[in-house]
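Residue numbering for the sequence shown follows our numbering, starting at 14 and increasing by one per position. Beta carbons: idealized from backbone N, C-alpha and C, even for Gly. Reading through the structure tokens given below for one structure.
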Amino acid sequence: MAGSTVLKIGGSLIPTHVRALCLAIKRSDHRRRLVLVAGGGEIADVVRGYRRALDLTDATTFTMALLSMDQHALMLAELGCFPLAESIDALACIPGTVCVLAPAGDARRNRWCADLDIDRVSSDAVAAYVAAQIGAALVIATDVDGIYDRDPRLEHGATLRDQVYAGDLAAWTAIDVESAILIQRFALTATIVNGTRPDLVVDHLAGIPVPHTKVFARRPADTGGVAA
Numbered sequence: 014m015a016g017s018t019v020l021k022i023g024g025s026l027i028p029t030h031v032r033a034l035c036l037a038i039k040r041s042d043h044r045r046r047l048v049l050v051a052g053g054g055e056i057a058d059v060v061r062g063y064r065r066a067l068d069l070t071d072a073t074t075f076t077m078a079l080l081s082m083d084q085h086a087l088m089l090a091e092l093g094c095f096p097l098a099e100s101i102d103a104l105a106c107i108p109g110t111v112c113v114l115a116p117a118g119d120a121r122r123n124r125w126c127a128d129l130d131i132d133r134v135s136s137d138a139v140a141a142y143v144a145a146q147i148g149a150a151l152v153i154a155t156d157v158d159g160i161y162d163r164d165p166r167l168e169h170g171a172t173l174r175d176q177v178y179a180g181d182l183a184a185w186t187a188i189d190v191e192s193a194i195l196i197q198r199f200a201l202t203a204t205i206v207n208g209t210r211p212d213l214v215v216d217h218l219a220g221i222p223v224p225h226t227k228v229f230a231r232r233p234a235d236t237g238g239v240a241a
């Protein structure tokens, strides 16, 4: 599915901003095929709490977290009247320019992200994996404009960085560390935008400049002078 974009709709946007974002996406013309992947949000947070309280296994915890993404995928499909795919292969069979992926069944069967740290992995990593498998661009919509030099929710005066390298993302960022590992592994470039402003997401998808951070797989020195 070259020429596609995977748009990860972060759990931080659910439920407050997700309806407006889905409607904005539905009303817009899209130059590229758009695959929506939903974060687990508060449901995934509950799963993490159960893991700590009940000492659940990695396999059970990961499955429950994936199912939280599926629940939100169903919600996105209803809010935007978008078709729903339940596997990567099924994406190619769905007509139209926008669809939603419910990843749990496919991810479990094919052991997506099986070698990652279950306590650090999130839906960002799942979205990165999907983008790599279908040859798509990756856009992550979250509740901030991108990656800052400090956590803007805790420190005044934090500065938005227009680009970063995945190998440097060890501290607080708008994406999880395990997704940065996949960005490096598959030589992806991810763009982080503010999903609390649906107009910014739609403008970015249309090629209009908006505040954002690009996450490159490697530094230019590692790629012969060109960011990968």
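Rounded to a whole number of angstroms, what is the C-alpha to C-alpha distance between residue i and residue j?
i: A140; j: F95; result: 18 Å
i: P222; j: L67; result: 46 Å
i: A37; j: P211; result: 6 Å
i: V239; j: F229; result: Because the pLDDT at V239 is just 35, under 50, the model does not fix this residue reliably, and the value given afterwards should be weighed accordingly. Their backbone Cα atoms lie some 10 Å apart in a straight line.
i: R32; j: T209; result: 11 Å
i: A187; j: R166; result: 11 Å
i: T226; j: C106; result: 32 Å
i: A115; j: V50; result: 7 Å
i: A72; j: E55; result: 20 Å
i: A57; j: L104; result: 25 Å
i: L34; j: G159; result: 17 Å
i: G16; j: D128; result: 28 Å
i: I175; j: T204; result: The sequence as given places Asp at residue 175; Ile does not occur at that position. Distance between the alpha carbons of D175 and T204 is about 10 Å.
i: G170; j: R64; result: 36 Å
i: V190; j: L182; result: 6 Å
i: G93; j: L26; result: 15 Å
i: R45; j: L97; result: 17 Å
i: V143; j: N123; result: 12 Å
i: G109; j: E168; result: 43 Å
i: T74; j: R61; result: 7 Å
i: P28; j: M88; result: 10 Å
i: R163; j: L213; result: 22 Å
i: S41; j: C126; result: 32 Å
i: E99; j: M77; result: 16 Å
So who's on the other strand from residue i, going by DSSP bridges?
i: Y161; result: L173
i: A200; result: Its beta-bridge partners do not exist; DSSP assigns none.
i: R46; result: S17
i: T155; result: N207
i: I194; result: None; I194 has no bridge partner.
i: Y178; result: F229
i: I22; result: A51 and A154
Rounded to the nearest angstrom, how far is the Cβ of residue i from that of residue j, given a contact under 8 Å?
i: V111; j: H43; result: 7 Å
i: A120; j: L80; result: The Cβ separation is near 10 Å, so there is no contact.
i: N207; j: V157; result: 6 Å
i: A117; j: F199; result: Between F199 and A117 the Cβ distance is about 21 Å, and since that is not below 8 Å, they are no contact.
i: R113; j: A90; result: First, the amino acid is wrong: residue 113 is Val here, not Arg. Going by Cβ atoms, the distance from V113 to A90 rounds to 5 Å, so yes, they are a contact pair.
i: S136; j: G24; result: 7 Å
i: Q197; j: A179; result: 5 Å
i: A138; j: L195; result: 6 Å
Using a Cβ-based criterion (distance less than 8 Å to any ligand heavy atom), does residue i qualify as near the ligand FAD?
i: G62; result: Among the components modelled here there is no ligand, and therefore nothing to report on the ligand FAD.
Continuous beta strand (DSSP E) assignments of at least 3 residues falling wholly in the segment 74–149: Counting only runs of 3 or more residues that sit fully inside the segment 74–149, the beta strand (DSSP E) segments are 111–114, in chain order.
Could you tell me whether the segment 20–30 touches the segment 144–153, using the rule of 3 or more Cβ pairs below 8 Å? Because the criterion of three Cβ pairs below 8 Å is met, the segment 20–30 and the segment 144–153 touch.
Between the segment 51–71 and the segment 81–93, do three or more beta carbon pairs fall short of 8 Å? Result yes; three or more Cβ-Cβ pairs closer than 8 Å.
Let me know the alpha helix (DSSP H) ranges lying completely inside the segment 201–235, each 4 residues or longer, listed in chain order. Complete alpha helix (DSSP H) runs here, min 4: 211–218.
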